[in-house]
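The block underneath contains the structure these notes are about, expressed in structure tokens.
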Ligand SMILES: [Zn+2]
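Residue numbers (the working numbering): 56 to 284.
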């Protein structure tokens, strides 16, 4: 994939996110949160420190998640993502093979970070009704499938402010009034790389999330910490 197509892809993916991001020569994108001065320099330093693949450590780990026209390869640092398009690796190719391609690109960029594009956030994300009224303005972006608890996590985006939300729905069909949902605002970099099995933990590490459903007698509240199913 050539540089301008790659830039276009990331621009579209992060269009409404208010994120500051830097794209590197081999296709690694670093999303900076919070934004600030010298994004290119800070992203390069971050990539140099966290991007190299070290076998036998979590720096070698990755997940592969679907993205428009290709796949995203994650890193143990959620701020670092690599896009591998279907043009570079056809859809029928195994996730593991594509993941290794993405990981190699991340390693190459981390060895000699050369920014090819810097997108600085225009403004701070405004306050929005979605922060006070759970589910308001949200539209579904990606179903993550079922996790090991038989819960159904999904990623949503606010149509007004672009904030990404992780929804985690659990119901035990053998018991009435067991339905419950959790909804937490997640940084865009985390939202992009989420997998079904990482969803519960991602919610549990947030400062807070909404909860509701028949299990809670329909009451909606804010809570944090471990989700007990
Ligand atoms: Zn919003």
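Built from N, CA and C at the ideal position, the CB exists for glycine as well. If you're wondering where the values come from, they're calculated on a predicted model, not measured in any experiment.
### Task
Determine the contact status of residue 241 and residue 217, defining contact as a CB-CB distance below 9 Å.
Not closer than 9 Å, so no.
### Query
From 119, 223, 167, pick the residue whose C-alpha is nearest to that of residue 198; which is it?
Minimum Cα distance to residue 198 is reached at 223.
### Task
Could you check what DSSP says for residue 94 in three-state terms: helix, strand or coil?
Reduced to three states, the DSSP call for residue 94 is helix.
### Cβ-Cβ distance between residue 165 and residue 97 below 9 Å
No.
### Query
With C-beta atoms as the reference, is residue 207 less than 9 Å away from residue 268?
It is not a contact, given that the beta carbons lie outside the stated cut-off.
### Task
Examine ligand 1 and report whether any of its heavy atoms sits within less than 8 Å of the Cβ of residue 179.
It does not: the Cβ of residue 179 is nowhere closer than 8 Å to a heavy atom of ligand 1.
### Message
Rounded to whole angstroms, what is the Cα-Cα separation between residue 230 and residue 221?
### Response
Per the coordinates, the alpha-carbon of residue 230 lies some 25 Å from the alpha-carbon of residue 221.
### Query
For ligand 1, any of its heavy atoms closer than 8 Å to the Cβ of residue 109?
No, the beta carbon of residue 109 sits no closer than 8 Å to any heavy atom of ligand 1.
### Query
Are the beta-carbon atoms of residue 157 and residue 82 separated by less than 9 Å?
Their beta carbons are under 9 Å apart, which means residue 157 touches residue 82 by this criterion.
#### Entry: Three-pair Cβ contact test at 8 Å for the stretch 83 to 97 versus the stretch 171 to 185
They touch, by the three-pair rule.
#### Entry: N-terminal and C-terminal residue of the beta strand (DSSP E) that residue 224 is part of
Where residue 224 is concerned, the enclosing beta strand (DSSP E) stretches over 219 to 225.
### Message
Please report the distance separating the alpha-carbon of residue 88 from that of residue 250.
### Response
Counting only the Cα atoms, residue 250 lies some 21 Å from residue 88.
#### Entry: Same chain, Cβ closer than 6 Å to residue 140, five either side skipped, listed in chain order
Same-chain partners within the cutoff: 56, 124, 125.
#### Entry: Rounded separation between residue 116 and residue 254 - CA only
Residue 116 and residue 254 have their C-alpha atoms some 17 Å from each other.
### Task
Could you check which residue in 171, 258, 145, 185 has the C-alpha nearest to that of residue 76?
Per the Cα distances, 171.
### Query
For residue 110, is the classification buried or exposed, using 16 other Cβ atoms within 10 angstroms of its Cβ as the cut-off for buried?
By the neighbour-count rule (16 or more Cβ atoms within 10 Å), residue 110 is not buried but exposed.
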